[in-house]
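J.:
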Amino acid sequence: MYRDVRDYLEKLKRELEGADPALIQDALSDAEGHLRTALEEESVRTLGLSETKALESIIEKYGTPSEVASAYRAIESRIPPVLAATRPQDSRSLWARFFGVLAEARAWGAFSYMLLALFTGIIFGGWTLLGGLISACSLLFIIGLPIFGLFLLSIRGIALLEGRIVEALLGIRMPRKPLFLDRSLGWADKFKALVTDAYSWKSFLYAVLLFPLGIVYYGVFGLLFVLSLSFITSPVLELVFHIPLDLFGDNVFTPVWFLPVVCIAGFFLLPLTFHFAKFIGKIHGRFAKSMLVRK
Amino acid sequence: MTDANKKFQKELNSGIAALVLLGVLDQAKDAMYGYQIAKLIETHDEEIPMMKQGALYPVLRSLESSGLLESFVNPSVSGPPRRYYNITESGRETLIRWMEIWDRTKGFVDRILEGKADV
């Protein structure tokens, strides 16, 4: 017997203990969405019944927390994130592993994330800072409360969207469903729940940090990539097309004897850049998971 | 239903749910949300439901991550925001192949159970 939807969700959360936090968030979001929709849509049939009674038949069809949890666990084990590592043991030689990174979807995913971070950082971070400032100022007036509430909701939306980007490009399992606020709560309680939920503030902090991080990621990886390509192509550019190296405004021709060294250095720098992107992507993924997944 | 029957039904459902969901969304005129799909399936179900509605959601998500379905979230006037699902072109092609597999499997099992196979 379940007192209300919240009670069911608590029990479902307990059944899913130990599972990936993102999976738990999805399962709770699915269950809450279904149960509340069912309560709304069957309200005519269950008119006069308490929520406990009305829920009884709905949950009988939906499944007990244990049945639902086992369905999620069974399917989750079959669908890892798109770019998640699937190679259990890499038996390739050191050289093959070093240069093979250029053929790894996950490395390209991480590299793309680093470049995209400039735009997501500016958009998400910019909105968070600007929107935060405006809504904080508006708090001086009574009209500011709903504006601030809407702003916090938008941060949750950003957190979900960023989570989808992180999962697609970095291969880290992130929530796939939005979090709902309990509809039975009044406006004041909803606002209180939003403001007191650590998830809102962690998402806020993440979006703010993404602003400088995005600039650094783009700067570092953009520079390393361009540098690698210019090193690799330097013999052709300098000897065939007579295009000099542009060193901070000075046009410099590399000594001919040194060109092969520069070219070979470029061939090493390119895979090194992708290994570095994979490494930073892994760390960033863990950071995103710790900030954007509700515990 | 006994535990053994429940276990058998659960094992059968693990593959059938995906086929059923693709079939429902292939015939749907508009995008459908989880509860709507569950209710539609319920109308075709017998007295004892074959699959729990809660088990449909992870399958929907799995089909979406495989590119067979696509979804979008729309706010609802009367309840929480709803995720609407649509079948993709790749989903339709997959459904045709899965229906062939289903027909072959069904025919094979029927032949065995009706004793028409050469033993």
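One line per chain: the protein sequences are Z and E, in this order. Under my numbering, the first residue of the first sequence is numbered 1, with each subsequent residue one higher. Under my numbering, the first residue of the second sequence is numbered 1001, with each subsequent residue one higher. C-beta: ideal position from N, C-alpha, C; glycine also.
#1: What does a CB cutoff of less than 7 Å around Gly-100 of chain Z pick up in its chain, not counting 5 residues either side in sequence?
#2: How is the beta strand (DSSP E) around Val-252 of chain Z delimited, first residue to last?
#3: What is the C-beta distance between Lys-1052 of chain E and Gly-63 of chain Z, in whole angstroms, given that I count them as a contact (C-beta under 8 Å)?
#4: Is Leu-170 of chain Z buried or exposed, if buried means 16 or more other CB atoms sit within 10 Å of its CB?
#5: For Gln-1009 of chain E, would you say it is in contact with chain C, using Cβ-to-Cβ distances shorter than 9 Å as the test?
#6: Throw me the rounded Cβ distance for the Pro-235 of chain Z and Leu-259 of chain Z pair, which I believe falls under 8 Å.
#7: Taking Val-236 of chain Z as part of the alpha helix (DSSP H), name the residues at either end of that continuous run.
#8: According to DSSP, is Arg-294 of chain Z part of a helix, a strand, or is it coil?
#9: Any beta carbon of chain Z sitting closer than 9 Å to that of Tyr-1085 of chain E?
#10: On the DSSP bridge assignment, give the partners of Asn-1086 of chain E in chain order.
#11: Val-1059 of chain E touches chain Z at which residues, Cβ-Cβ below 9 Å?
#12: How many angstroms separate the CA atom of Met-114 of chain Z from the CA atom of Ser-154 of chain Z?
#13: Among all the DSSP beta bridges, which residues are the ones paired with Met-1032 of chain E?
#14: Between which two residues does the alpha helix (DSSP H) harbouring Arg-173 of chain Z extend?
#15: Could you tell me the alpha carbon to alpha carbon distance between Ser-1065 of chain E and Ser-77 of chain Z, rounded to whole angstroms?
#16: Under a Cβ-count criterion, where at least 16 other Cβ atoms within 10 Å of its own Cβ denotes burial, should Ser-203 of chain Z be classed as buried or exposed?
#17: Please classify Ser-66 of chain Z: is it buried, with 16 or more other beta-carbons within 10 angstroms of its beta-carbon, or exposed?
#18: Going by DSSP, name the residue or residues bridged to Leu-270 of chain Z.
#19: Please report how far the alpha carbon of Gly-1015 of chain E lies from the alpha carbon of Leu-229 of chain Z, in whole angstroms.
#20: Are there three or more Cβ pairs, one per stretch, closer than 8 Å when the stretch 251 to 271 of chain Z is compared with the stretch 141 to 155 of chain Z?
#21: For Phe-268 of chain Z, tell me which candidate among Z:Phe-98, Z:Gly-186 and Z:Leu-139 has the shortest Cα-Cα distance.
#22: Within 9 Å of any Cβ in chain Z, is that where the Cβ of Ala-1004 of chain E sits?
#23: Hey, could you find the ends of the alpha helix (DSSP H) Tyr-959 of chain E is sitting in?
#24: Assign Gly-1067 of chain E to buried or exposed, taking buried as 16 or more other Cβ atoms, counted over all protein chains shown, within 10 Å of its Cβ.
#25: Using 10 angstroms around the beta-carbon of His-284 of chain Z, count the other beta-carbons present and answer buried if the total reaches 16, otherwise exposed.
#26: So is Ala-54 of chain Z in contact with chain E if we call contact Cβ pairs under 9 Å?
#27: I'd like the list of long-range same chain contacts for Leu-205 of chain Z, defined as Cβ closer than 8 Å, with 5 residues on each side in sequence excluded.
#28: Taking the alpha-carbon positions, what's the Phe-119 of chain Z to Ser-57 of chain Z distance?
#29: Does chain E have any CB closer than 9 Å to the CB of Asp-20 of chain Z?
#30: Per DSSP, which one or two residues make a beta bridge with Leu-245 of chain Z?
#31: What first and last residue would you give for the alpha helix (DSSP H) that runs through Gly-1007 of chain E?
T.: Answer, in terms of the structure:
#1: Arg-92
#2: 250 to 252
#3: 3 Å
#4: buried
#5: The displayed structure is made up of protein chains Z and E, and chain C is not among them.
#6: 5 Å
#7: That residue, Val-236 of chain Z, is in no alpha helix (DSSP H); it is neither H nor E in DSSP.
#8: coil
#9: no
#10: E:Glu-1070
#11: Ala-71 and Ile-75
#12: 23 Å
#13: E:Tyr-1085
#14: Note, Arg-173 of chain Z: premise wrong, no alpha helix (DSSP H); not H, not E.
#15: 13 Å
#16: buried
#17: exposed
#18: In the DSSP output, where bridge partners are listed per residue, Leu-270 of chain Z has none listed.
#19: 48 Å
#20: no
#21: Z:Phe-98
#22: no
#23: Because chain E spans 1001 through 1119 in this model, residue 959 of chain E falls outside it and cannot be assessed.
#24: exposed
#25: buried
#26: no
#27: Met-291
#28: 48 Å
#29: no
#30: Z:Val-252
#31: Note that residue 1007 of chain E corresponds to Lys in the displayed sequence, not to Gly. Per DSSP, Lys-1007 of chain E belongs to the alpha helix (DSSP H) from 1003 to 1027.
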